[in-house]
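Quick notes on the structure that follows.
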Amino acid sequence: MAEARHFLSYGDVAAASGVPWNAARRRMDPHLFDLCRRATARGWPLLSALVVDKPSVAHGAMRGRPLVGFARAAERCGRIIGGDAASFLADEQQHVFAWAAKEQGHVLHA
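Just so we're aligned: the sequence shown equals residues 102 to 211 in my numbering.
Structure follows, in C-alpha coordinates:
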(Lines of atoms letter the chains of each structure in order from A and count residues from 1; the text may use other names and numbers.)
(Lines give C-alpha, C1' and ligand atoms only; values in the text may rest on other atoms or scores of the structure.)
Protein backbone atom coordinates (compact mmCIF):
# COMPACT_ATOMS: atom_id res chain seq x y z
CA MET A 1 0.00 0.00 0.00
CA ALA A 2 2.79 2.42 0.81
CA GLU A 3 4.31 2.09 -2.64
CA ALA A 4 0.93 3.03 -4.11
CA ARG A 5 0.59 5.93 -1.61
CA HIS A 6 -2.65 4.49 -0.16
CA PHE A 7 -3.95 4.38 3.37
CA LEU A 8 -5.52 1.40 5.19
CA SER A 9 -8.34 1.35 7.70
CA TYR A 10 -8.11 -0.51 10.98
CA GLY A 11 -10.72 -2.87 9.53
CA ASP A 12 -8.49 -3.51 6.50
CA VAL A 13 -5.67 -4.56 8.84
CA ALA A 14 -8.01 -6.88 10.74
CA ALA A 15 -9.31 -8.43 7.51
CA ALA A 16 -5.77 -8.94 6.16
CA SER A 17 -4.98 -10.73 9.42
CA GLY A 18 -8.04 -12.94 9.03
CA VAL A 19 -9.61 -11.59 12.20
CA PRO A 20 -13.15 -10.19 12.35
CA TRP A 21 -13.25 -6.53 13.36
CA ASN A 22 -15.20 -7.20 16.57
CA ALA A 23 -12.38 -9.52 17.71
CA ALA A 24 -9.54 -7.30 16.46
CA ARG A 25 -10.81 -3.98 17.76
CA ARG A 26 -9.40 -4.29 21.29
CA ARG A 27 -6.10 -5.72 20.06
CA MET A 28 -5.49 -3.07 17.40
CA ASP A 29 -3.73 -0.49 19.60
CA PRO A 30 -1.17 -2.98 20.99
CA HIS A 31 -0.68 -4.44 17.52
CA LEU A 32 0.02 -1.03 15.95
CA PHE A 33 2.27 -0.03 18.84
CA ASP A 34 4.31 -3.18 18.26
CA LEU A 35 4.61 -2.19 14.61
CA CYS A 36 5.85 1.26 15.68
CA ARG A 37 8.33 -0.31 18.09
CA ARG A 38 9.69 -2.68 15.44
CA ALA A 39 9.95 0.07 12.83
CA THR A 40 11.79 2.32 15.28
CA ALA A 41 14.22 -0.47 16.19
CA ARG A 42 15.08 -0.88 12.50
CA GLY A 43 15.41 2.82 11.77
CA TRP A 44 12.28 2.81 9.60
CA PRO A 45 9.55 5.42 9.61
CA LEU A 46 6.42 4.62 11.61
CA LEU A 47 4.63 2.32 9.18
CA SER A 48 1.44 2.50 11.23
CA ALA A 49 1.05 6.11 10.07
CA LEU A 50 -0.73 4.66 7.03
CA VAL A 51 -3.35 2.90 9.18
CA VAL A 52 -6.17 5.36 9.77
CA ASP A 53 -9.80 5.39 10.81
CA LYS A 54 -12.28 4.52 8.07
CA PRO A 55 -13.40 8.13 7.38
CA SER A 56 -9.74 9.10 6.80
CA VAL A 57 -8.79 6.39 4.28
CA ALA A 58 -9.24 8.71 1.29
CA HIS A 59 -6.87 11.40 2.59
CA GLY A 60 -5.00 10.05 5.63
CA ALA A 61 -5.72 13.01 7.92
CA MET A 62 -6.98 11.69 11.25
CA ARG A 63 -8.48 13.61 14.15
CA GLY A 64 -9.63 12.80 17.65
CA ARG A 65 -8.93 9.50 19.38
CA PRO A 66 -7.23 7.78 16.41
CA LEU A 67 -4.76 10.68 16.07
CA VAL A 68 -4.13 10.75 19.81
CA GLY A 69 -3.48 7.00 19.78
CA PHE A 70 -0.95 7.30 16.96
CA ALA A 71 0.80 10.23 18.67
CA ARG A 72 1.04 8.35 21.98
CA ALA A 73 2.52 5.30 20.27
CA ALA A 74 5.06 7.51 18.48
CA GLU A 75 6.03 9.21 21.75
CA ARG A 76 6.41 5.84 23.49
CA CYS A 77 8.89 4.96 20.73
CA GLY A 78 10.89 8.11 21.46
CA ARG A 79 9.60 10.25 18.62
CA ILE A 80 9.20 13.97 19.25
CA ILE A 81 5.70 15.03 18.24
CA GLY A 82 5.90 18.74 19.05
CA GLY A 83 2.72 20.75 19.43
CA ASP A 84 0.88 19.51 16.34
CA ALA A 85 0.12 15.80 16.15
CA ALA A 86 -1.73 16.18 12.83
CA SER A 87 1.35 17.72 11.19
CA PHE A 88 3.56 15.02 12.69
CA LEU A 89 1.24 12.35 11.24
CA ALA A 90 1.24 13.97 7.79
CA ASP A 91 5.05 14.26 7.83
CA GLU A 92 5.44 10.64 8.97
CA GLN A 93 3.08 9.46 6.22
CA GLN A 94 5.27 11.22 3.66
CA HIS A 95 8.35 9.59 5.22
CA VAL A 96 6.69 6.17 4.87
CA PHE A 97 5.80 6.81 1.21
CA ALA A 98 9.36 7.96 0.41
CA TRP A 99 10.86 5.02 2.32
CA ALA A 100 8.58 2.55 0.51
CA ALA A 101 9.58 3.94 -2.88
CA LYS A 102 13.26 3.61 -1.96
CA GLU A 103 12.84 0.06 -0.61
CA GLN A 104 10.67 -1.14 -3.49
CA GLY A 105 11.65 -4.64 -4.53
CA HIS A 106 13.69 -5.36 -1.38
CA VAL A 107 12.73 -8.11 1.00
CA LEU A 108 12.16 -6.58 4.43
CA HIS A 109 12.15 -8.52 7.65
CA ALA A 110 9.90 -7.09 10.32
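From the three backbone atoms N, C-alpha and C, an ideal C-beta is built for every residue, glycine too.
Limits of the alpha helix (DSSP H) - the one that residue i falls within
i       : result
Val-169 : 165-177
Trp-200 : 186-204
Leu-133 : 129-142
Val-114 : 111-117
Ala-125 : 122-125
C-beta atoms of residue i and residue j nearer than 8 Å
i       : j       : result
Leu-151 : Ala-140 : no
Gly-161 : Val-153 : yes
Gly-170 : Asp-113 : no
Among the options, nearest to residue i - alpha-carbon criterion
i       : options                   : result
Glu-227 : Lys-155, Pro-156, Cys-137 : Since the displayed the chain opens at 102 and closes at 211, residue 227 lies outside it and no answer follows.
Met-163 : Arg-127, Ala-115, Phe-189 : Phe-189
Ser-149 : Gly-206, Ser-118, Ala-175 : Ala-175
Pro-167 : Pro-121, Arg-126, Val-120 : Arg-126
Cβ distance (whole Å) where residue i is taken to contact residue j below 8 Å
i       : j       : result
Phe-108 : Val-158 : 5 Å
Ala-186 : Ala-172 : 4 Å
Lys-155 : Ser-118 : Contact doesn't hold; Cβ gap of about 17 Å is too wide.
Arg-177 : Phe-134 : 7 Å
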